[in-house]
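Right, one structure below, let's go through it.
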Amino acid sequence: EAGRLLERDLHPLILVNGYQMALTETLAVLDKRSQPVADKLTAIAKTSLVGRSTEGASDHLANLISKAVESLENSDYEKVRMVKERKGTVADSRIIRGMVIEKRISLDRIPKNLNSCKIAVLSCPLELEITIREAEIKISTPEQLEAFIDAEENNISAIANLVIKSGAKAVFSSEGIDQRVLHLLADAQIFAMGGTGIEIAEDIALTSGAQLCDHLDDIDSGLGQITTLTHQRLEGEEGIRERILLEVEQNPGLITILVGGSDGVAAEETIRGLFDALRSVCLAKDDDQILLGGGSLHLAASLAVREAAEACSGRERLAMEAFSRALEAIPASLAGNTGADKIDTLLELRSMHRTGNSDAGVDHNGKPATIDQAWLPSYTLEHAISAACETACGLLRVDQVISARGD
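Numbering of the sequence shown is given in the numbering used here, commencing with residue 6 and proceeding in unit increments.
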């Protein structure tokens, strides 16, 4: 639109001023049409899932996303994890109020199911320290060898006793766990898993409310609480795999969505769609301002800008009218994506808005209709329109093109 006006010798700064005036009018319409979220989180998620490969199960997935966000004290999308179920269909997806650890256990006889227990999360190993420098021990009698072995066993027992005395019934370490310590903990009916890595250990601590302890002596002060710990063995195309489910009934630090369906490109696309919907819902909940989609805002803003342009006596009016036409490109594109005629759709939408139906937009069939189910975060549209205007104004202010070669 700006290019056409530049060809008619309209000065770029006049264009910029006109665009800024049109943007102010558009944002005023946006603020007027925005409303509180109330109970529309599921509708926001469903709107975000439209056009995705998961649209057939959009009702179920949208419900999962809204429940996941409502389960968190702070609507932080980074506290929601997505894990592939690798079986069933997308409609079989479900929420875990906690997290899933896909890792084999090191000892079959450790307890595999726990209820309402304390949990310890460590970033230090449960094994004897290995010295960096090489050292030699000279043993000349069997008694000395026996004493050396006893001392090592005592140190192993001391490590296990610190965990046992803490009262924790499950312990996770980002580092390794000595097999002898593992057996002693199993004898005390304590679940133990080592080698999780620091990222998973941090997630476990966040889920359970535990503190990540970097020294075994501090284990008592950093215990968390979980409702259930469940070990599962699952058969799949790649053989048997194991996973641990940690669930917290009240105020979980993390939420996990088990995404049903086979592994592969389709599952990745599903997860990407869920993340997009998740971020939209979190943004709407934080900002507490939403508005109707379907291009209804763009049509209302376009008419408001065009009306304001008629009251402008300067050349800025031409820029405002160009801004108005640019806004109409959104509902036109929505109609065109469904195969509908863009011009006919725009003409009918203008008529509906001018006769009082300000909620008119393009529905999922590409036809002009009153929009009542498609909801979007107000911040998303405000940011998109403002950023587009800022970019256009920035380009218009460029008064010289500099060649990369310097000529």
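The beta-carbon is built from N, C-alpha and C at its ideal position, and this holds for glycine as well.
Computed from a predicted model, the values in this text were never measured in an experiment.
Per DSSP, the bridge partner or partners of residue i
i    : result
S178 : L127
I260 : V85
C122 : I231
K92  : G266
R99  : L263
A374 : G366
L217 : V126
Q40  : I295
Contact under 9 Å by Cβ, residue i with residue j
i    : j    : result
I231 : I124 : yes
L66  : L77  : no
A173 : C122 : yes
A282 : I49  : yes
D225 : S171 : yes
D346 : R91  : no
C317 : Y24  : no
T1   : V310 : The chain is shown only over 6 to 412; residue 1 falls outside these bounds and no answer can be derived.
P373 : T396 : no
I245 : I106 : no
D377 : L297 : yes
E321 : N68  : no
V95  : T261 : no
A289 : L15  : no
S128 : I203 : yes
A165 : L189 : yes
A337 : V34  : no
A379 : T59  : no
L133 : Q184 : no
G266 : D97  : yes
Q237 : E252 : no
T275 : R57  : yes
K108 : G200 : yes
L167 : L221 : yes
I390 : L332 : yes
A175 : I144 : no
Start and end residues, beta strand (DSSP E) containing residue i
i    : result
E252 : G244 to E252
G103 : G103 to I106
T212 : That residue, T212, is in no beta strand (DSSP E); its alpha helix (DSSP H) goes I203 to S213.
P382 : W380 to P382
A197 : F196 to M198
L297 : I295 to L297
Range covered by the alpha helix (DSSP H) that runs through residue i
i    : result
L112 : Neither: L112 is in no alpha helix (DSSP H) and is coded neither H nor E.
Q237 : Q237 -> not in any alpha helix (DSSP H); beta strand (DSSP E) instead, spanning G229 to G241.
R86  : Segment V85 to K89 is the beta strand (DSSP E) holding R86; no alpha helix (DSSP H) there.
G341 : A334 to N342
G470 : Since the first residue of the chain shown is 6 and the last is 412, residue 470 is not available in this structure.
G300 : Premise fails: G300 is in no alpha helix (DSSP H) and is neither H nor E.
D64  : S63 to S76
A191 : Q184 to D192
L52  : Per the sequence presented here, residue 52 reads as Thr, with Leu not at that position. L46 to L54 is the extent of the alpha helix (DSSP H) around T52.
H358 : K347 to R359
Cβ separation of residue i and residue j, assumed to be a contact under 8 Å, to the nearest whole Å
i    : j    : result
L259 : R86  : 6 Å
G103 : L308 : Not a contact, Cβ separation roughly 50 Å.
A314 : E326 : 5 Å
I100 : A73  : 6 Å
A193 : I169 : 5 Å
L131 : L234 : Rounded, the Cβ-Cβ distance is 18 Å, inconsistent with contact.
S80  : C218 : S80 to C218, Cβ: 29 Å. No contact.
I182 : V126 : So it is not a contact: roughly 13 Å between Cβ atoms.
V264 : A272 : 6 Å
S329 : A7   : In fact, because the Cβ distance is near 13 Å, the residues do not count as touching under 8 Å.
P17  : L401 : 4 Å
Short CB-CB distance (under 9 Å) between residue i and chain C
i    : result
E207 : Chain labels in this structure do not include chain C; a single protein chain is all it has.
Are there three or more Cβ pairs, one per stretch, closer than 8 Å when the stretch 36-48 is compared with the stretch 338-354? no
Is the number of C-beta pairs between the stretch 24-41 and the stretch 378-395 that are closer than 8 Å three or more? yes
The stretch 288-308 / the stretch 349-366 touching (three or more Cβ pairs under 8 Å): yes
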